[in-house]
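Step one of this worksheet: look at the structure below.
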Amino acid sequence: MKELTRNVYIKNGMLLTKSKYGSHYGERIFDGLREWVPWRSKLAAMFIKGYLIEFRGDERLLYLGAASGTTVSHLSDILDKGVIYAVEYSPKPFSKLLELAKDRDNIIPLLFDASKPWQYSGIVELVDFIYQDIAQKNQIEILRENIRFFLKSNCDFLIMVKARSIDSLEDPNVVFSKVKEDLSRDFKILSTGSLLPFHKDHIFIHGKKIE
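Below is the structure:
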């Protein structure tokens, strides 16, 4: 078994996070390690493809599009000394996110529309990292607004871009090029990459706010 980054391991091709908690979405548990399924989590897909984020473990992270908390739960394992503000707008997945947060004191679930960050600006403090996974046409505008409100200078963001949500008719590679060009005007792009074969028509963009 090899440690890839803080509390993240790989064994026999299986990604795992070190955890004191039980299963959240049906994943297998092995002696205090939770299986992290790349088909269920875009961040897991990115990690297993070899692109890692080096977390200290004490970061404040804003997660936009938390859904039912699959990826949030693994980030909670990684940021065991930090805080995750988990924003989700749909009540049904949010109910499961609430259940997750009952057992984990480093998750703050927020039932808000991520396109309106001013609505939760009184709750969320300045953060060290923004992670976004929102399948909406205006996903880049949502990211920009939340960076403006909450991300500290010289800190990073990671967005999972879904081309078909931005433009269902355009070639995904054209969409990705436009998105990268757009974000590169105001932010430093550190890396981008495909999430195939786990997630079709998706890329990740890892960037930094420079001021």
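Take any residue in the sequence shown, note its place counting from 1, add 207, and you have its number in my numbering. Using N, Cα and C, we set each Cβ at its ideal position, and we do this for glycine too. Everything numeric in this text was worked out from a predicted model, so none of it was measured.
* **Assigned secondary structure, isoleucine 337 (DSSP; H/G/I helix, E/B strand, else coil)** => For the purposes of this step, residue 337 is taken as the residue at position 130 of the sequence shown. In the three-state scheme derived from DSSP, where H, G and I count as helix and E and B as strand, isoleucine 337 is classed as strand.
* To do: Could you check how far apart the C-beta atoms of isoleucine 337 and leucine 358 are, in whole angstroms? I think they sit under 8 Å.
  => Indexing the sequence shown from 1 puts residue 337 at position 130. Indexing the sequence shown from 1 puts residue 358 at position 151. Rounded to the nearest angstrom, the Cβ distance from isoleucine 337 to leucine 358 is 5 Å, consistent with a contact under 8 Å.
* Taking all protein chains shown into account, decide if proline 379 is buried (16 or more other Cβ within 10 angstroms of its Cβ) or exposed. => By one-based count along the sequence shown, residue 379 stands at place 172. Classification for proline 379: buried.
* What does valine 368 pair with, by DSSP beta-bridge criteria? -> The residue you call residue 368 lines up with position 161 of the sequence shown. Paired residue(s): Ile410.
* To do: Please look up how many angstroms separate the CB atoms of phenylalanine 356 and serine 328, rounded, as I've assumed it's under 8 Å.
  => For the purposes of this step, residue 356 is identified with residue 149 of the sequence shown, where counting begins at 1. For the purposes of this step, residue 328 is identified with residue 121 of the sequence shown, where counting begins at 1. Your pair phenylalanine 356 and serine 328 checks out as a contact, with CB atoms roughly 6 Å apart and the cut at 8 Å.
* DSSP on tyrosine 327, reduced to helix/strand/coil? -> To locate residue 327, count along the sequence shown from 1; it is residue 120. Secondary structure of tyrosine 327 (DSSP, three-state): helix.
* Indicate the three-state DSSP secondary structure (helix, strand or coil) for threonine 236 in the structure shown. => Counting from 1 along the sequence shown, the entry for residue 236 is found at position 29. The identity of residue 236 in the sequence shown is isoleucine, whereas the question assumes threonine. Strand, per DSSP.
* Asked: Are the beta-carbon atoms belonging to leucine 286 and glutamine 339 less than 8 Å from one another?
  -> Numbered from 1 along the sequence shown, position 79 holds the residue referred to as residue 286. Numbered from 1 along the sequence shown, position 132 holds the residue referred to as residue 339. Their beta carbons are not under 8 Å apart, which means leucine 286 does not touch glutamine 339 by this criterion.
* To do: Have a look at arginine 213 and leucine 397 and give me their C-alpha separation to the nearest angstrom.
  => Against the sequence shown, residue 213 aligns to sequence position 6. Against the sequence shown, residue 397 aligns to sequence position 190. If you take the alpha carbons of arginine 213 and leucine 397, they lie about 20 Å apart.
* DSSP three-state assignment for asparagine 345, whether helix, strand or coil -> To locate residue 345, count along the sequence shown from 1; it is residue 138. Annotated three-state conformation of asparagine 345 is coil, per DSSP.
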